[in-house]
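Please read the structure below before turning to the comments.
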Amino acid sequence: MDGSRRATLVSKDVGWPNGIAVDHTTNRLYWADAQLSTIEYITLDGKIRKVLLKDEVFHPYSLTVFEDGLYWSDWKTFSLETCNKFTGHKMNAILRENGKHIMGVHAYHPVLATRSKWRLDLFTINQICLKFLCTH
């Protein structure tokens, strides 16, 4: 992966793409656009682009994907939200931070870390951890 085969997947109808996440199981690239108030995805071959959520998100900032879920922080509602990554259904706020912006959302799981020597016990965990999802 030296960048010699890079390709532009999205160049039109994009405002402020604050967060991106690659889902290797479905070959999709998800992004959160705070200017358009959307969460969208495009297949990695560039053939299918879809708006997954519109008007249900207000200022999406960071996002991650794990299993069937998509998780993102929203700076207008100061919350961590979730929905089904295929349909956008079952949107829930799983955390509200009373005036504090949630800066980063990441899924940590051994399956996701197979290419690195990342180990949970090497980190000092001082953030909120919800099952397999940690935010800080």
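Its first residue numbered 1, the sequence shown is counted upward by one per residue in the UniProt record's numbering.
Backbone N, C-alpha and C define an ideal beta-carbon position, used for all residues, glycine too.
For clarity, every value in this text was computed on a predicted model and none was experimentally measured.
Who are the Cβ neighbours of residue i in its own chain at under 8 Å, not counting the five residues just before and after it?
{"i": "S37", "result": "K54, D55, V57, F58, H59 and P60"}
{"i": "K12", "result": "none"}
{"i": "G15", "result": "D33, A34, Q35 and L36"}
With DSSP as the reference, please indicate the residues paired to residue i in a beta bridge.
{"i": "R28", "result": "D23 and T43"}
{"i": "D33", "result": "P17 and T38"}
Label residue i either buried or exposed according to how many other C-beta atoms from any shown protein chain fall within 10 Å of its C-beta, with 16 as the threshold for buried.
{"i": "D68", "result": "exposed"}
{"i": "T82", "result": "buried"}
{"i": "D45", "result": "exposed"}
{"i": "L122", "result": "With a pLDDT of 40 at L122, under the threshold of 50, the modelled position of this residue cannot be trusted; read the value that follows with caution. It counts as exposed."}
{"i": "V65", "result": "buried"}
Residues in the same chain with beta-carbon distance under 7 Å from residue i, minus the five sequence neighbours each way, listed in chain order, please.
{"i": "V51", "result": "T38 and E40"}
Out of curiosity, what's the CA-to-CA distance linking residue i and residue j?
{"i": "T43", "j": "N92", "result": "25 Å"}
Quick one: give me the first and last residue of the beta strand (DSSP E) that residue i is part of.
{"i": "S11", "result": "Premise fails: S11 is in no beta strand (DSSP E) and is neither H nor E."}
{"i": "W72", "result": "G69 to D74"}
Among residues of its own chain, excluding the 5 on either side of residue i, which ones have a beta-carbon nearer than 6 Å to its beta-carbon?
{"i": "T49", "result": "As written in the sequence, residue 49 is Arg, which differs from the Thr given in the question. Around R49: I42."}
{"i": "E97", "result": "F78"}
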